[in-house]
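In UniProt numbering, the protein residues as written are 1 to 94.
Data first, discussion second: the structure below is written as structure tokens.
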Amino acid sequence: MGGYTYIMTNKPFGVLYIGVTADLARIQAHREGRGSSFAKRWDCKRLVLIESHDRIEDAILREKRLKDWNRVWKCRLIAEANPNWDDLWETING
Numbered sequence: 001m002g003g004y005t006y007i008m009t010n011k012p013f014g015v016l017y018i019g020v021t022a023d024l025a026r027i028q029a030h031r032e033g034r035g036s037s038f039a040k041r042w043d044c045k046r047l048v049l050i051e052s053h054d055r056i057e058d059a060i061l062r063e064k065r066l067k068d069w070n071r072v073w074k075c076r077l078i079a080e081a082n083p084n085w086d087d088l089w090e091t092i093n094g
């Protein structure tokens, strides 16, 4: 089974929430305020980065590694993939 790592924020260069899921409905839950308490507290509803993985174990490992990165590296990763920090939800949810 595959999986995804994702980063959500409340605004460009704002609070970052890093998550992992096998089901994209999890991201919708964050957007509706039903996700993690951290994401809800900081209003992290904008999906700014999503990475697909063939195995959920790879997604989990990537999530752990991203959480160990410093903030500058995380912001750079997002800016390189999504320069305007656009909300990618509509792109993937079509």
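Note that CB positions come from ideal geometry on N, CA and C, so glycine has one too.
Note that the structure is a prediction, hence the values are computed from the model and not measured.
- prompt: Should the stretch 67-75 be regarded as contacting the stretch 32-43, the criterion being three or more beta carbon pairs within less than 8 Å?
  reply: no
- request: Could you tell me the boundaries of the alpha helix (DSSP H) in which residue 37 lies?
  value: Stepping through the sequence shown from its first residue, residue 37 is reached at position 37. Start and end: 37-41.
- prompt: For residue 90, is the beta carbon positioned less than 6 Å from some heavy atom of the ligand ATP?
  reply: Ligands are entirely absent from the displayed structure, and the ligand ATP is therefore not among its contents.
message: Measuring only the C-alpha atoms, how far is residue 85 from residue 7?
response: As a working note, residue 85 is residue 85 in the sequence shown. As a working note, residue 7 is residue 7 in the sequence shown. Residue 85 and residue 7: Cα-Cα distance of roughly 11 Å.
query: residue 89 and residue 47: beta carbons closer than 7 Å?
result: Looking up residue 89 in the sequence shown gives position 89. Looking up residue 47 in the sequence shown gives position 47. Yes, the pair counts as a contact, with Cβ atoms nearer than the cut-off.
- prompt: Are residue 3 and residue 56 close, meaning C-beta to C-beta below 7 Å?
  reply: What you label residue 3 is simply residue 3 of the sequence shown in a count that begins at 1. What you label residue 56 is simply residue 56 of the sequence shown in a count that begins at 1. Cβ distance < 7 Å, so residue 3 and residue 56 count as in contact.
message: So within the UniProt domain "GIY-YIG" (1-77), which uninterrupted beta strand (DSSP E) runs reach at least 3 residues, ignoring any that extend past its ends?
response: 3-9, 16-21 and 46-53
- request: State buried or exposed for residue 19, treating a residue as buried only when at least 16 other CB atoms are found within 10 Å of its CB.
  value: Counted from its first residue, the sequence shown places residue 19 at position 19. The residue in question, residue 19, is buried, as its Cβ has 16 or more Cβ neighbours within 10 Å.
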